[in-house]
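Here's the structure we're looking at; comments come further down.
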Amino acid sequence: QKTVAPDMLIKHPLQNTWTLWFFKIESNRSWEDCQVEIASFNTVEDFWALYNHIEPASRLKVGCDYSMFKQGIKPMWEDEHNCRGGRWLINLNKQQRSTELDNFWMEVLLLMIGESFEEHSDEVCGAVVNVRGKGDKIGVWTADAKKNDSILKIGQVLKVRLNIPRQVSIGFQAHTDTMLKSGSTAKNRFTV
Amino acid sequence: GTRIIYERTFLLQMRNSP
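Line by line, the protein sequences are chains A and B.
Using the numbering used here, you'd call the opening residue of the first sequence number 15 and step up by one each time.
Using the numbering used here, you'd call the opening residue of the second sequence number 75 and step up by one each time.
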């Protein structure tokens, strides 16, 4: 008779349920309709089952996105949870697709599911990775662009976890500013 | 209230567990 350790019987629950989304532009569909929910999960095991199953970001076709947001939050500015918020933006150069992109994206996912932003984790809505010819981007989206302390703490934790060199700064942009500046860069409300 | 927090090393250890 085999005894199974309790660890093997019970999955490890996450603080939040998360939804993974995939975006691929299609000419006859609206932008919003091109965002597709892949799956939701609320345990560590189910996170890995999903992550291990899907293409890494670096292998996606140019123009595609992955997003991972708390369940009930759509990966778009217009969602009521996002519209007053903004994002920490990591811009990658073309070389970094093969060296950093997958690592960075995975680390961001682990930060989120692990609630690594301490009490500021509630401000986190989700994250997006954009695979683009001119350079890939990763954004960590937060709910309220006026919560200075939370935004700065989230940015600091993010920068340390991604091992971004001290002299390289990353910026936080409010979505309302980004909306107004299509094609060029929105101003940074904060940098770390 | 309480919050469920997972450290990075623990999450990575779980990656290939059955």
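Note that beta-carbon positions come from the ideal geometry of N, C-alpha and C, so glycine has one too.
**Prompt:** With a cut-off of 8 Å, does the C-beta of A/Glu129 fall near any C-beta of chain B?
**Reply:** Under the 8 Å criterion on CB atoms, A/Glu129 is classed as interfacial with respect to chain B.
**Message:** Between A/Val58 and chain B, is any beta-carbon pair separated by less than 8 Å?
**Reply:** yes
**Nonlocal neighbours in the same chain, by C-beta distance under 7 Å from A/Met193, ignoring five residues either side** = If we look at A/Met193 and ignore the five residues flanking it on each side, its Cβ neighbours are Trp91.
**Prompt:** Given that A/Leu28 touches chain B, what residues does it touch there, using C-beta distances under 9 Å?
**Reply:** Correct list: Ile78, Tyr80.
**Item:** Meets three-Cβ-pair contact criterion under 8 Å: the stretch 141-160 of chain A and the stretch 98-111 of chain A
**Value:** yes
**Request:** Kindly indicate if chain B contains any beta-carbon less than 8 Å away from that of A/Leu124.
**Result:** yes
**Prompt:** What is the rounded straight-line gap between the Cα of A/Lys25 and the Cα of A/Thr190?
**Reply:** One alpha carbon belongs to A/Lys25, the other to A/Thr190, and they sit about 39 Å apart.
**Message:** Taking contact to mean 3 or more Cβ pairs, one atom from each stretch, closer than 8 Å, check whether the stretch 136-145 of chain A and the stretch 67-77 of chain A are in contact.
**Reply:** yes
**Prompt:** Leaving out the 5 sequence neighbours to the left and right, which residues in its chain are closer than 7 Å to A/Pro27 when beta-carbon positions are compared?
**Reply:** Asn56, Thr57
**Asked** At least one CB of chain B closer than 8 Å to the CB of A/Trp62: is that the case?
**Response** So, interface residue.
**Asked** Excluding sequence positions up to five away, which residues of its chain have a Cβ less than 6 Å from the Cβ of A/Ser183?
**Response** Thr205
**Prompt:** Who are the Cβ neighbours of A/Met120 in its own chain at under 8 Å, not counting the five residues just before and after it?
**Reply:** Tyr65
**A/Phe131 beta carbon less than 8 Å from that of A/Lys167** = yes
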